[in-house]
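Peer 1: I'd like to ask some things about the structure below.
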Amino acid sequence: MPSLKHSIRALGFAAGVLAASLLLSPLVASKAFADQPKQGGDVVVTFKDDLATLDPAVGYDWNNWSIIKSIFSGLMDYKPGTTELTPDLAESYTISPDGMTYTFKLRSGLKFHNGRALTSADVKYSIERAVNPKTQCPGAGYFATIKGYDDVAAAKTTSLSGLATPDDSTVVFTLTRPDATFLHIMAINFAFVVPKEEVEKYGADFGHHPVGAGAFKFVEWQLGQKLVLERNKDYHIQGVPYLDKITFEFGQDPTVALLRLKKGEVDLLGDGIPPAQFLQVTSDPANKDLWVAGAQMNTDYVTLNVKVKPFDNLKVREAVNMAINKDRVIQIINGRAKVANQVLPPSLPGYDTSHQGYPYDPAKAKALLAEAGYPDGFSTTLYSTDIDPQPRIAQAIQQDLAGVGIKADIKSLAGAAVIEAGGTEGQAPMIWSGGMAWIADFPDPSDFYTVILGCAGAVKGGWNWSWYCNADLDKAADKADSMVAADQMAARADAWKTIFNGVMKDAPWVPVMNEQRFTMHSARLMGDPSLFIEPIHIPVNYEYIYAKDAQ
Amino acid sequence: MKPLAKYLARRFAASILILLGVVTITFCLIFIFPADPAVQIAGPHATPEVVASIRHQKHLDEPLYVQYAYYVGGLLRGDLGQSFKQRTQVAELVWSRLPATLLLMLGAIFFELLIGIPLGILAAARRGKIDRGIMIMAFAGVSAPQFVVGLILLYVFAYVFGWFPLSGYGGLSHLILPALTLGIGGGGWYARVLRSNLVEVMRQDYIRTARAKGLSERKVVLIHALRNAILPAVAMVGLDIGTFMGGAVVVETVYGWPGIGQLAWQAIQLVDTPIIMGVTLVAAVAIVIGNLLADLVTPLIDPRVRLR
Amino acid sequence: MADAWKRFRRSPVALGALAVLILLVLMAIGAPWLTPFDPSAQFFDGLTLQGAPLPPGGKYLLGTDLLGRDLLSRLIFGARASLEIGVAANLAAVALGAFLGITAGYLQGPVGFLLMRFTDLMMAFPALLLAIALAAIFEPSLWIVAMVIAMVNWVQVARIVYTETTSLAERDYIEASRALGAHWPRIVLRHILPHLTPILVVWSTLGVATTVLFEAALSFLGIGVRPPTPSWGNIINESTSYFLTAPWLVFFPGIAILLLALSCNIVGDALRDAFDPTARGRGQ
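What follows is the structure in structure tokens.
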């Protein structure tokens, strides 16, 4: 199942993405959360780049992902500050024993922002719209296990045979095979419910005039300048959101945004704390309660293309794994990450705490290269995106490789051009993945396999830039994803552990680090710290934060 | 008036021809850029069928001349195509950025003239050390990289003194620093051109006559010489219009100014080709119009220019 | 030529600028011997333990950059990139511009017409935008950057050369040698090119200034000279986000760019005056 959200280079370091562990307790009381939240007030959030779109079936960047979540709702959602699934527009759901049929009951009294009642027909319309190739939805493939998907994707029909609405408040999905990730899929943006009449009214421009059923209502969007949302008074969850109004300001350089935050003009840094000011901000005691750090659910890595010589040789791939000084890489980004030794980030089920990974050992690396027939090293090319700090990191890696005799030329290109090179067979020997912001759309280990390491991704235009394809592991992955029942979860995590250990034995990647995310907010903006580092909403879950000075 | 009308007609016809060439080259951009549009629209999870369907929807599976016809046909209807990334009409995106770009352009031209005209006059009037000093300053203005000037102005006037907002778009206070950054370079050119023109004009007989009449030097320069020297410099404004329409990318990046330069820069990073094509085309049209204006103004104010 | 030098020598400003220019060129040539450190070596003690760059003073005279490399060494080597691109881009632009300008100006007729309409077309393209798009998307190298700049810059040279050639071609002695049966390449080489030399020299010098600024702008956007090759523009690009905490990383290369561009502009301007004393009053 495809699973990774890409954002091209907008991210830099400040905004690595997913945070929090599955173990995070929901909304633990904390210092910052001690006051009782009051409804009211407005806040200003800054971003460097304007959003591409707010259409949930199209938007797929780290910066619009969470804003779309606050305007729209889906059948499922996550409990605030956690990665725990909970019904949202649905009141309840049942799964058939064979894991092939999902039945959702909608809440009563649901309303779109335009005042119209939301029914099961809208759910059906929205998902069929996402699958319809005319919509050009980048996440359409997520719905591939729904019966009838192939016919809709091939434009033979517009109606999914596996999606039925027996009455106004019931939605029934029939799948072609059990899919352990299906409830997560009902919680991703592509499955959010949109009103047909508004979509038809605005056509392709719906993304600039969004109407949903989420916590906030769209007010206005001055392209390149600002976006204004206001509280949805008819929101189906009582008592939230707290804020009356959120203003997103665009075109704000992160450094400038930080200065404005200090002046009190800004409440939240959408792009996080800029790397250059990181030490200064975090070492100032006055800021102690204002910045939030979170473990991340992303891994940054170097791909070693197994279809390009000499990376077809396992010994060479192992040698490269031992040649890169990951601590040094982390030093040059001011320690804003943790060393990674495997594919999965620590907080995901399936992460192997006992896995040792490849040690940093240039001497051993040289020996391995000699064994592989390259005693004097070789020349190759390392691709990277061209926005700071990625070229700098690529240069640090380049120096490490030179240390064992590998001469790597750096090609730093626009993100889209790197992606194109990665998806072209035999073109990019090595790619530094940083800045292409691999972000899990939902917290599940399968997200880190199918597209970026499975055979399905090792095709022209695919995202498996190592071109690694192991049929046995693919089979094991399919099997793991068929474990649907609640009591199979531990076994499923174990299955994934085995799969990823298998991947690391073949060393198609050098996992380098798991980024940490650092966000800063004004003193008047309150909320549980877990809201600021949670994996689902970046940089924050807007529904549950509040203004201290609200009346 | 007859040769003038003929001249105008010729310039106009030439402009139309140039635009046609611009459209053709812009059309080629989509083939120059390495990313397959259909794959790009479809995203990482698309099946080959979806890609094929998008290719069909976008007429990418048609022969070249058909695609060209679609493109030109669209342009005639004011349709600049649809963004890969945003799925929005490019025309609307460009349109929404135009006010910011025009505002910055006006601000920059204002500062160019504000800096260039007094310096040019002073240099011409006070030959010698002052003249030399001003000309070095003018050259320094032309030679200073815009992004360094921008960063320094930002640091000093917005950060240290806090007189101006640090970036963004809004009232006059937001406009001053980016406009000044652009104006410093342009001001250097104006100062040099105006000075050269003044020096030449001051050699003319009628200036000698004015001097001989006993008019003060200030009056001679400001009233008699300037009137004749300033017009050719003003014609340069026409050329500036074109430059600023496509060339403010760096300054817009430094100041987070939401103009079409910023739009283009973001599109280039994403290889969102339709936006790149749209901005290129709009900027080219502006340049053609700007040049046309300069061509039209020049013969009106300077009869020495041959009408070709 | 000798007269020109005499006139040039009279201006102390021009001499000063020429000295700076020569110094910069020598610095670029002698870079391997002048630099205290390897410009691409990332020193462990070149960063604080938290990963911050070192300020000027101490072992690293002008401080270090964000990878712990010696800024002074990078600046000296950066002069190479800037000058190589400046010279290469200009030679290409001037050669192409001169060739097309002369051809169009001498031949006139439909060929000349087409060539000049083509330059009109190129003039109408937003140059920086076009260069940015090309540089961002094509495989990066010093020479690609130089060629992109040349592609944008040849147009003005072509137009000026065209105008000059047209007027030269009408002169009597050229008419005469044509009547004597001289072939046009010979006429161009013997009679036209020598007269164009001053213009081309002036344009080459002024063009270096434009090109250096152009390269710096591209590198500032992260699409000019690619790391680890240092150029003044990309040193600034790598450091902009650190501008408020490490301003020396922007300040020193900024000064370097200004110095080079300024001295080229002054020298070029002085050369123009020296070659053609009557042109003092003319615009550009």
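Chains as they are written, first to last, in this note's numbering: chain A, -9 to 541; chain B, 2 to 309; chain C, 2 to 285. Virtual Cβ for every residue (Gly too), placed ideally from N, Cα, C.
1) Closest to Trp316/A by C-alpha separation, out of Pro123/A, Ile387/A, Asp279/A and Glu410/A, would be which residue?
2) Can you tell me which of the three DSSP states Ser168/B falls into?
3) If you run the structure through DSSP and keep just helix, strand and coil, what is Thr511/A?
4) Which runs of the beta strand (DSSP E) spanning at least 3 residues fall entirely within the region 285 to 359 of chain A, listed in chain order?
5) For Ile387/A, return the contacting residues in chain C, with the cut-off set at a CB-CB distance below 8 Å.
6) For the region 150 to 172 of chain B, list every residue whose C-beta sits within 9 Å of some C-beta in chain A, in sequence order.
7) Going by DSSP in three states, Val218/A sits in which element: helix, strand or coil?
8) Would Lys95/A pass as a contact of Thr155/A if the rule is Cβ separation under 8 Å?
9) Check whether the region 136 to 153 of chain C touches the region 78 to 97 of chain C, taking contact to mean three or more Cβ pairs, one atom from each stretch, closer than 8 Å.
10) Is Ser84/B close to chain C? Criterion is C-beta to C-beta, closer than 8 Å.
11) Can you give the beta carbon distance from Glu216/C to Val209/C, rounded, assuming they're within the 8 Å contact cut?
12) May I have the straight-line CA-CA distance separating His196/C from Ile175/C, to the nearest angstrom?
13) With burial defined as no fewer than 16 other Cβ atoms inside 10 Å of the residue's Cβ, what is the status of Gly340/A: buried or exposed?
14) Lys124/A: buried (16+ other C-beta within 10 angstroms of its C-beta) or exposed?
15) At 4 residues or longer, what runs of the alpha helix (DSSP H) sit wholly inside the region 104 to 134 of chain C?
16) Take the Cβ of Gly416/A as the centre, count every other Cβ of all protein chains shown within 10 Å, and call the residue buried at 16 or more, exposed below.
17) Can you name the residues of chain C whose CB is closer than 9 Å to the CB of Val280/B?
18) Roughly how many angstroms separate the alpha carbons of Ala10/B and Ala295/B, rounded to a whole number?
19) I think Phe32/B touches Pro275/B, with their Cβ atoms under 8 Å apart; what is that distance to the nearest whole Å?
20) Quick one: what does DSSP say Ile528/A is sitting in, helix, strand or coil?
21) Hey, is the region 177 to 189 of chain B in contact with the region 255 to 275 of chain B, meaning 3+ C-beta pairs nearer than 8 Å?
22) Excluding the 5 residues flanking Ala262/C on each side, which residues of the same chain have their C-beta closer than 6 Å to its C-beta?
23) When the Cα atoms are used, what is the spatial distance from Met124/C to Ile242/B?
24) Measure from the C-beta of Arg12/B to each C-beta in chain C and report whether the shortest distance is under 8 Å.
25) Closest by CA to Tyr107/C, which one among Leu260/C, Phe126/C, Arg179/C and Gly87/C?
26) With a CB to CB cut of under 7 Å and the five nearest residues on each side skipped, what residues in its chain are close to Leu251/A?
27) Let me see if you follow: with CB-CB separation under 8 Å, is Gln41/B close to chain A or not?
28) Taking just the CA atoms, how far does Ala309/A sit from Asn531/A?
29) Between Ser74/C and chain A, is the shortest Cβ-Cβ distance under 8 Å, so that the two count as touching?
30) Applying the criterion that 16 or more other CB atoms from any shown protein chain within 10 Å of the CB defines a buried residue, is Glu218/B buried or exposed?
31) Cβ closer than 7 Å: which chain C residues qualify as neighbours of Gly22/B?
32) Quick check on Ala430/A: does DSSP put it in helix, strand or coil?
33) Distance check for Asp518/A and Val18/A, CA to CA, integer angstroms please.
34) Rounded to a whole number of angstroms, what is the C-alpha to C-alpha distance between Gln263/B and Gly138/A?
35) Counting only Cβ pairs nearer than 9 Å, list the residues of chain C close to Ser402/A.
36) If contacts are defined as beta-carbon pairs under 8 Å, then Ile261/B and Val289/B qualify, I think. What distance do you get, rounded to the angstrom?
Peer 2: According to the data block:
1) Start at 1 with the first residue of the first sequence, and residue 316/A comes out as number 326. According to the sequence as given, residue 316/A is Lys; it is not Trp. For Lys316/A, the closest alpha carbon among the candidates Pro123/A, Ile387/A, Asp279/A and Glu410/A is that of Ile387/A.
2) What you label residue 168/B is simply residue 167 of the second sequence in a count that begins at 1. Correct three-state label for Ser168/B: coil.
3) Here residue 511/A refers to the residue found at position 521 when the first sequence is read from its first residue. In the sequence on display, residue 511/A carries His and not Thr. In the structure shown, His511/A sits in a strand (DSSP, three-state: E or B).
4) Counting only runs of at least 3 residues, the region 285 to 359 of chain A fully encloses the following beta strand (DSSP E) elements, listed from N- to C-terminal order: 290 to 294 and 327 to 329.
5) If you number the first sequence from 1, residue 387/A lands on position 397. When 8 Å is used as the limit between beta carbons, Ile387/A is near no residue of chain C, the shortest such separation being about 11 Å.
6) From the region 150 to 172 of chain B, only Leu155, Ala159, Tyr160, Gly163, Pro166, Leu167, Ser168, Gly169, Tyr170 and Gly171 have a Cβ closer than 9 Å to chain A.
7) Translated into positions along the first sequence, residue 218/A becomes position 228. In the three-state reduction of the DSSP assignment, Val218/A falls in the strand class.
8) Within the first sequence, the letter at position 105 stands for residue 95/A. Within the first sequence, the letter at position 165 stands for residue 155/A. With contacts defined as CB atoms closer than 8 Å, Lys95/A and Thr155/A fail to qualify as a contacting pair.
9) Yes: at least three Cβ pairs fall under 8 Å.
10) In the second sequence, residue 84/B corresponds to position 83, counting from 1. Closer than 8 Å: no.
11) Residue mapping note: residue 216/C aligns to position 215 of the third sequence, counting from 1. Residue mapping note: residue 209/C aligns to position 208 of the third sequence, counting from 1. Cβ-Cβ separation between Glu216/C and Val209/C: approximately 10 Å, too far for a contact (criterion under 8 Å).
12) The sequence position of residue 196/C within the third sequence is 195, counting from 1. The sequence position of residue 175/C within the third sequence is 174, counting from 1. Near 12 Å, if we compare the C-alpha coordinates of Ile175/C and His196/C.
13) By 1-based counting over the first sequence, the position of residue 340/A is 350. Here Gly340/A is buried: its Cβ has 16 or more other Cβ atoms, across all protein chains shown, within 10 Å.
14) Within the first sequence, numbered from 1, the residue matching residue 124/A stands at position 134. Per the 10 Å Cβ criterion, exposed.
15) If one requires a minimum length of 4 residues, the alpha helix (DSSP H) runs lying completely within the region 104 to 134 of chain C are 110 to 124, in chain order.
16) Against the first sequence, residue 416/A aligns to sequence position 426. When all chains shown are included, Gly416/A counts as exposed.
17) Counting from 1 along the second sequence, the entry for residue 280/B is found at position 279. Proximity of chain C to Val280/B at the Cβ level (cut-off 9 Å) is accounted for by Pro127 and Leu130, in chain order.
18) In the second sequence, the residue the question calls residue 10/B occupies position 9. In the second sequence, the residue the question calls residue 295/B occupies position 294. Ala10/B and Ala295/B: Cα-Cα distance of roughly 15 Å.
19) Mapped onto the second sequence, residue 32/B falls at position 31. Mapped onto the second sequence, residue 275/B falls at position 274. In this structure Phe32/B does not touch Pro275/B by the C-beta definition: roughly 13 Å separates them, more than the 8 Å allowed.
20) Sequence index remark: in the first sequence, residue 528/A carries index 538 (1-based). Ile528/A falls in the coil class under three-state DSSP.
21) Short answer: they touch.
22) Mapped onto the third sequence, residue 262/C falls at position 261. Cβ-Cβ distances below 6 Å link Ala262/C to Ala210, Val213 and Leu214 in the same chain, with the five nearest sequence neighbours on each side left out; the list follows chain order.
23) The residue you call residue 124/C lines up with position 123 of the third sequence. The residue you call residue 242/B lines up with position 241 of the second sequence. Rounded to the nearest angstrom, the two C-alpha atoms are 13 Å apart.
24) Within the second sequence, numbered from 1, the residue matching residue 12/B stands at position 11. No, its Cβ sits nowhere closer than 8 Å to a Cβ of chain C.
25) Taking the first residue of the third sequence as position 1, residue 107/C is located at position 106. The shortest C-alpha separation from Tyr107/C is found at Arg179/C.
26) On the first sequence, residue 251/A is found 261 positions in, with the first residue counted as 1. Counting only Cβ-Cβ distances below 7 Å, and skipping sequence neighbours, we find Leu259, Met510 and Ser512.
27) Along the second sequence, read from residue 1 onward, the residue named residue 41/B stands at position 40. Residue contact with chain A for Gln41/B: present (Cβ-Cβ distance below 8 Å to some residue of chain A).
28) Here residue 531/A is taken as the residue at index 541 of the first sequence, counted from 1. Here residue 309/A is taken as the residue at index 319 of the first sequence, counted from 1. Going by C-alpha positions, Asn531/A is about 42 Å away from Ala309/A.
29) Looking up residue 74/C in the third sequence gives position 73. Not an interface residue.
30) On the second sequence, residue 218/B is found 217 positions in, with the first residue counted as 1. It counts as exposed.
31) Position 21 of the second sequence, counting from 1, holds the residue named residue 22/B. Those are Leu122, listed as they occur along chain C.
32) Translated into positions along the first sequence, residue 430/A becomes position 440. Residue state, collapsed to three classes: strand.
33) For this step, residue 18/A is matched to residue 28 along the first sequence. For this step, residue 518/A is matched to residue 528 along the first sequence. Because Val18/A carries a pLDDT of 39, less than 50, the predicted location of this residue cannot be relied on, and the following value inherits that uncertainty. When the Cα atoms are used, Val18/A and Asp518/A turn out to be separated by approximately 7 Å.
34) Here the question's residue 263/B lines up with position 262 in the second sequence. Here the question's residue 138/A lines up with position 148 in the first sequence. Gln263/B and Gly138/A have their C-alpha atoms spaced approximately 43 Å apart.
35) Along the first sequence, one-based indexing puts residue 402/A at 412. Those within 9 Å of Ser402/A in chain C are Pro141, Gly223, Ile224, Arg227 and Pro228.
36) Counting from one through the second sequence, the residue named residue 261/B turns up at place 260. Counting from one through the second sequence, the residue named residue 289/B turns up at place 288. About 16 Å; that fails the 8 Å criterion.
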